[in-house]
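Novice: Residue numbers (the working numbering), protein chains in the order written: chain A, 3 to 209; chain B, 3 to 209.
Starting off with a structure, shown below.
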DNA sequence: GTCTATAAGCGGATAGAC
DNA sequence: GTCTATCCGCTTATAGAC
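Right under this line is the structure:
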């Protein structure tokens, strides 16, 4: 593994463990087992490392989503559930980022712009999934306003479930992550068509 | 205003503006117009200031909720909406705290314990409201599991709506805060009884 | 690419005068 | 209660040898 990548991995681990504020470039260098000067050969400063981590997040998140869509059609209940769990795992891997997100984008305007662009693109994806589900006759018809609000709700739940667990002092485990999925499932369920409910009952009966 | 309180107010303003990491005790002292030494006469350190702010938050939050319950019965749709908006205003006043919450409780175990206790107490209040609404025949009957999940959902939405706006690059205004209320209203609505829906239609017709 | 050495500055915190 | 002065330690960042 290249030194540059080892620095990135060490930074992610330390940030997750202690928070970005408590981690200096010296700590990162020590964790990698290199000198502080060497770290500055690879990165201009801490912000630069953060940027590189964000690059990685972009690539990983995009790749994971593509993998899901390749197997389950967008708008299917299955894709929705798998995407939710993928996002939870993603948020856990980069948990420092979600924890400090609002503070980080306050201090790094460039990161802020990048992040907002990504956020809006993903919001459109969610909206598109919901539209598809309605077109497929799985979700009851909704007018424009309802769709917007429902999109915000689903996206908020997916983004903040992990945070919610943490601020409530609950451990993050497979079980508590699944509970987040249950919350989403329940809120989707009460908007399903009779046909979808029937489909679901059949699925649950067989599994 | 006592010096101690001026320090607290200045700290809140600076933390909201720049984030806790970027604000030193020197900055706070300068903002108040006192010497660094004087600040240390009133507080042992930065963490101590944070604790004092948390005391204030506890008192303010509790007071505001009491004021609402004194006017609207717990479990009524009205109390739910007023509480939601109260929480949004509260989160905005102490927005640095919500932004950095997970990071802050990671670094300050004492704060973590306090916060989790408060969180659980409030969660019980939400649950109690929902139970009341069901008893009143406003919300459709639910079994234990459904009630838990619904409680988590409502509480998560109330806690993180402000964060959601910020990470999406949306300005926090009366209008965007109200949109959060609309999200909650919509998710409550699809669990209302026919009688409640009828009541609501009458209310909306008259307003 | 990697190291050592080091400059410059900041933040936290205390002592002691008033 | 408030100030001035000051110390220590840490962090960032760079220069220059290997």
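C-beta: ideal position from N, C-alpha, C; glycine also.
Small disclaimer: the values here were computed from a predicted structure and weren't measured.
Is the distance from the Cβ of residue 132 of chain A to the Cβ of residue 117 of chain A below 8 Å?
Specialist: no
Novice: Which chain A residues are close to residue 29 of chain B, counting only those with a beta carbon under 8 Å from its beta carbon?
Specialist: By Cβ distance, chain A contributes nothing, its closest Cβ being about 14 Å from residue 29 of chain B, past 8 Å.
Novice: Less than 7 Å between C-beta atoms, sequence neighbours within five positions excluded: which residues of the same chain meet that for residue 44 of chain B?
Specialist: 5, 6, 9
Novice: Using a threshold of 8 Å, state whether the C-beta atoms of residue 33 of chain B and residue 16 of chain B are closer than that.
Specialist: Closer than 8 Å, so yes.
Novice: Whole angstroms are fine: how far does the CA of residue 14 of chain A sit from the CA of residue 137 of chain B?
Specialist: 49 Å
Novice: Which chain B residues sit within Cβ distance under 7 Å of residue 133 of chain A?
Specialist: Result: empty, since nearest Cβ-Cβ is about 17 Å, beyond 7 Å.
Novice: Let me check one thing: in DSSP terms, what residues is residue 141 of chain B bridge-paired to?
Specialist: B:194
Novice: Taking only beta-carbon atoms, is residue 51 of chain A less than 8 Å away from chain B?
Specialist: no
Novice: Only counting the same chain, and skipping five residues up and downstream in sequence, which positions put a Cβ closer than 8 Å to that of residue 47 of chain A?
Specialist: The answer, listed in chain order, is 27.
Novice: Of the residues B:60, B:162, B:192, which one's Cα is nearest the Cα of residue 141 of chain A?
Specialist: B:192
Novice: In terms of residues, what are the limits of the alpha helix (DSSP H) holding residue 100 of chain A?
Specialist: 97–109
Novice: May I ask you to list, following chain order, the residues of the region 4–16 of chain A that have a beta carbon less than 8 Å from some beta carbon of chain B?
Specialist: none
Novice: Out of A:148, A:195, A:197, A:181, point me to the one whose CA is closest to residue 189 of chain B's CA.
Specialist: In terms of Cα proximity to residue 189 of chain B, the closest of A:148, A:195, A:197, A:181 is A:148.
Novice: Cβ closer than 8 Å: which chain A residues qualify as neighbours of residue 154 of chain B?
Specialist: 166, 181, 185
Novice: Considering Cα atoms alone, identify which of A:187, A:164, A:178 is closest to residue 156 of chain A.
Specialist: A:187
Novice: Under 8 Å, Cβ to Cβ, is there at least one residue of chain B near residue 86 of chain A?
Specialist: no
Novice: In whole angstroms, what is the alpha-carbon distance linking residue 30 of chain B and residue 129 of chain A?
Specialist: 44 Å
Novice: List, in order along the chain, the chain A residues whose C-beta lies closer than 9 Å to that of residue 148 of chain B?
Specialist: 188
Novice: Measure the CB-CB distance between residue 125 of chain B and residue 104 of chain B and report whether it falls below 8 Å.
Specialist: No, Cβ-Cβ distance for residue 125 of chain B and residue 104 of chain B is not below 8 Å.
Novice: Do residue 163 of chain B and residue 112 of chain B have their C-beta atoms closer together than 8 Å?
Specialist: no
Novice: Considering only the beta carbon of each residue, do residue 76 of chain B and residue 134 of chain B sit closer than 8 Å?
Specialist: yes
Novice: At the level of alpha carbons, what is the spacing between residue 123 of chain B and residue 35 of chain A?
Specialist: 46 Å
Novice: Hey, could you find the ends of the alpha helix (DSSP H) residue 155 of chain A is sitting in?
Specialist: 146–169
Novice: Tell me the DSSP secondary structure of residue 13 of chain B in three-state form.
Specialist: helix
Novice: I'd like to know whether the C-beta atoms of residue 66 of chain B and residue 120 of chain B end up nearer to each other than 8 Å.
Specialist: no
Novice: Going along chain A in order, which residues have a C-beta closer than 9 Å to the C-beta of residue 63 of chain B?
Specialist: Within 9 Å Cβ-Cβ: nothing; residue 63 of chain B doesn't reach chain A, min ~15 Å.
Novice: Check the C-beta distance from residue 62 of chain A over to residue 151 of chain B and give it rounded, since I have them as a contact under 8 Å.
Specialist: In fact, because the Cβ distance is near 29 Å, the residues do not count as touching under 8 Å.
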